[in-house]
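In what follows, a structure is listed as structure tokens, so that the remarks can point back to it.
Residue numbers (the working numbering): 69 to 498.
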């Protein structure tokens, strides 16, 4: 039986542990550092996700057969390179390959070199504030200002005025962070997630995240407040077109630079009137995409990852169960800028009893014997159903059962997909 280590502490990692627990080849599962929800189904180890050396030491001591990385920070810190140098088996991209997420400028340059479809842009270094302001002055509004580097999904600002764009640019540049200023794209977003080894990959079903803080896609960007999958308005053929437009050439472009990408490539794509445009690439499972998609896969997660690591793509069963997943994130008041914490959480016991509902915890901890909030995104409710409507009803009903002071949810998750529920038509991507 395999010993598994999953690194991270969010709802994404909770769902990875939950799915790994179903594997017939798995013995013990450890999660570092984990959370109270994960602790119910795995052994949580109090090691930070970025403490690469201690994680490798633990993996050696426990004779871990496979380590799976959840969040982006350990990848940027070079955890995969360190584990491999210690002879440890791990699933995730190298530090060099993870630049596709950890450096937006690296990713944009790669898209340029490979002639991949993306928004028109220009990069600026910290000493180029004057040039950045001049560039903004010549561009149309709204305009997007992005910081280089990791920002937990919150490093992009859509500025509605030139003065706002200049202010945001100055804030980043003043603290030494390079920026990208790019054109604002209109359309709808799609998440493409693939398990990759070099230029080969296994594509997951398409999903749609909701990144803005408030209903109607208003407010600041967040790490994601809800997802649904699959997308009922994009057929299988059109979905594969997207992967061939985005994932294929991205992996080839990395390979041409001598970078072998082994792990998760998760691409945010905007479908515009002029076709798909890549917004950004990520080097790990999306959150909350992961906890929405995994319940729809009837295959064995650990076998899937092992087959990818061994390049045995022909052995991977395409085992989707034909159901829909709908995820609602319960966030703290003040998220994403200044979330309140320490609020007692009630009702999980009632919510988990609802048929077709899964609960994955994120920003939670035990304090004085009570489960309390400890972060911006507290937990998520995932509804599974034969239709998107059924899945949405279940996730929202479960969300209504769980309460804490300052609870915030979006009430329009899946609105675009629900519009298409009464139609048989599908959308052409290109």
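Glycine included, C-beta positions come from ideal geometry on N, C-alpha and C.
Top-ranked residue by Cα proximity to residue i, from the options
i: residue 411; options: 380, 436, 373, 243; result: 436
i: residue 177; options: 304, 438, 318; result: 318
i: residue 143; options: 118, 452, 174; result: 118
i: residue 168; options: 474, 414, 342, 333; result: 333
i: residue 427; options: 363, 289, 374, 276; result: 363
i: residue 236; options: 214, 257, 255; result: 214
i: residue 149; options: 107, 120, 86; result: 120
i: residue 360; options: 297, 228, 272; result: 297
i: residue 471; options: 116, 452, 417; result: 417
i: residue 86; options: 70, 166, 277, 106; result: 106
i: residue 70; options: 83, 122, 135; result: 135
Residues sharing a beta bridge with residue i, DSSP
i: residue 407; result: Paired residue(s): none; residue 407 is not in a bridge.
i: residue 338; result: 257, 345
i: residue 86; result: For residue 86, which the question treats as bridged, DSSP gives no partner whatsoever.
i: residue 365; result: 388
i: residue 157; result: BP columns for residue 157 are empty, so no partner.
i: residue 435; result: 438
i: residue 428; result: 448
Supposed contact pair residue j and residue i - C-beta distance, whole angstroms, cut 8 Å
i: residue 450; j: residue 425; result: 7 Å
i: residue 76; j: residue 161; result: About 15 Å separates the two Cβ atoms, so there is no contact after all.
i: residue 502; j: residue 101; result: With the chain covering only 69 through 498, there is no way to say anything about residue 502.
i: residue 277; j: residue 257; result: 6 Å
i: residue 255; j: residue 194; result: Not quite, the Cβ-Cβ distance comes to about 32 Å (not below 8 Å), so this is no contact.
i: residue 292; j: residue 279; result: 6 Å
Residue environment, residue i, which counts as buried when at least 16 other CB atoms sit within 10 Å
i: residue 354; result: buried
i: residue 348; result: buried
i: residue 242; result: exposed
i: residue 498; result: Unreliable placement is indicated for residue 498, whose pLDDT of 42 sits below 50; the coordinate value is still reported in the next sentence. With fewer than 16 other Cβ atoms within 10 Å, it is exposed.
i: residue 206; result: exposed
i: residue 275; result: buried
i: residue 356; result: buried
i: residue 250; result: buried
i: residue 493; result: For residue 493, the pLDDT reaches just 42, beneath the cut-off of 50, and the residue's location in the model is therefore unreliable, although a value from the coordinates is still provided. Burial call: exposed.
i: residue 81; result: buried
i: residue 383; result: exposed
i: residue 304; result: exposed
i: residue 406; result: exposed
i: residue 324; result: exposed
i: residue 151; result: buried
The ligand NAD heavy atom lying under 7 Å from the CB of residue i
i: residue 193; result: What this structure holds is no ligand at all, so the ligand NAD is not there to describe.
List in chain order: all unbroken beta strand (DSSP E) runs of 3+ residues lying wholly within the segment 248–294. 256–265, 268–271, 280–282, 286–289
Unbroken stretches of the alpha helix (DSSP H), 4 residues or longer, contained in the segment 173–207: 197–206
Identify every run of the beta strand (DSSP E) within the segment 112–158, keeping only runs that are complete inside it and at least 3 residues long; order them along the chain. 134–137
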